[in-house]
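Please read the structure below before turning to the comments.
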Amino acid sequence: MSMSLVWFAAHGIDPELFLDRAGFSDTGDPDEYFDEEHSGGTLAGGWYVIVSNDVGLLDPAKVAAWSEGGRVVAVALDEESLNAMAIEWMDGKLVWSAAYDGSEGGEELAIEGKLPAVFEELQHEASALQAEGGGAEHVFDIPLDLAADVTGFRHDELGFDDDIGPFTALERVHIA
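First residue of the sequence shown? That's 9 in the working numbering, and the numbers climb one at a time after it.
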């Protein structure tokens, strides 16, 4: 089953303020596997993450405003079309973005800004895997891996344990 979702990770912004800016409140109800439409949780590194199946939440102007006073990394992905994008804002300004459009085929990423240092390593690994006969999914993973390197979060690799408590369901309280 393919997945389509968006997630936002905030650092340096109080989680309650971030939730308010994004238009959510925390229900307190556990949601360990992102079964709810919107979930949120705090990571060990101090990042607060909102995960949603509403990819329409990724409005660059709104997310830039959410980042005032801190950083926000956002990821949108659609596994069926192999589309993935990761973007970082800091204090309302775009720092970097990386996007892969798998519906167009090819192996090119659309990039902007100063990407995290790990980018070249990830790109080299993806190129090597594709040269061995791998599919486009290796390039698809680069934006996801960039965001994971910055935040410590990746939607499909999170094991809840003593360091990372389960996420909780979020309720939409207003349109941000």
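In this text, a Cβ means the ideal position worked out from N, Cα and C, and glycines have one as well. This structure is a prediction, so every number in the text was calculated from the model and none was measured.
| query | result |
| --- | --- |
| Trp104, enclosing alpha helix (DSSP H) - first and last residue | Segment Lys101 to Asp109 is the beta strand (DSSP E) holding Trp104; no alpha helix (DSSP H) there. |
| Nearest residue (CA-CA) to Pro23, options Gly77, Tyr41, Pro38 and Glu44 | Gly77 |
| Distance, Glu88 Cα to Gly265 Cα | For residue 265 there is no data in the structure shown, the boundaries of the chain being 9 and 184. |
| Complete beta strand (DSSP E) runs within the stretch 58-92 (minimum length 3 residues, chain order) | 79-86 |
| Asp164, DSSP secondary structure in three states | coil |
| Nearest to Leu1 (by Cα), restricted to the options Leu117, Phe42 and Leu25 | The structure shown does not extend to residue 1, since the chain is modelled only from 9 to 184, so the question has no answer here. |
| Pair within 8 Å by beta-carbon distance, Ala72 and Pro151 | no |
| Three or more C-beta pairs below 8 Å linking the stretch 133-148 and the stretch 62-69 | no |
| Closest Cα partner of Glu44 within the set Trp55, Ala184, Pro174 and Leu123 | Pro174 |
| Simplified DSSP assignment, three categories, for Ala136 | helix |
| Inter-residue spacing [alpha-carbon to alpha-carbon] between Thr176 and Trp15 | 14 Å |
| Bridge partner(s) assigned by DSSP for Met98 | Arg79 and Lys101 |
| Cβ distance (whole Å) where Phe148 is taken to contact Gly121 below 8 Å | Going by Cβ atoms, the distance from Phe148 to Gly121 rounds to 20 Å, so no, they are not a contact pair. |
| Cβ neighbours of Ser60 in the same chain (closer than 6 Å, five flanking residues each side left out) | Val14 and His46 |
| Spatial neighbours of Ala17 in its chain, beta-carbon cut-off 6 Å, leaving aside the 5 residues before and after | Trp55, Val57, Val81, Thr159 and Phe161 |
| Terminal residues of the alpha helix (DSSP H) in which Phe42 lies | Unbroken run through Phe42: none, as it is neither H nor E. |
| With 16 other Cβ atoms within 10 Å as the buried cut-off, status of Gly49 | buried |
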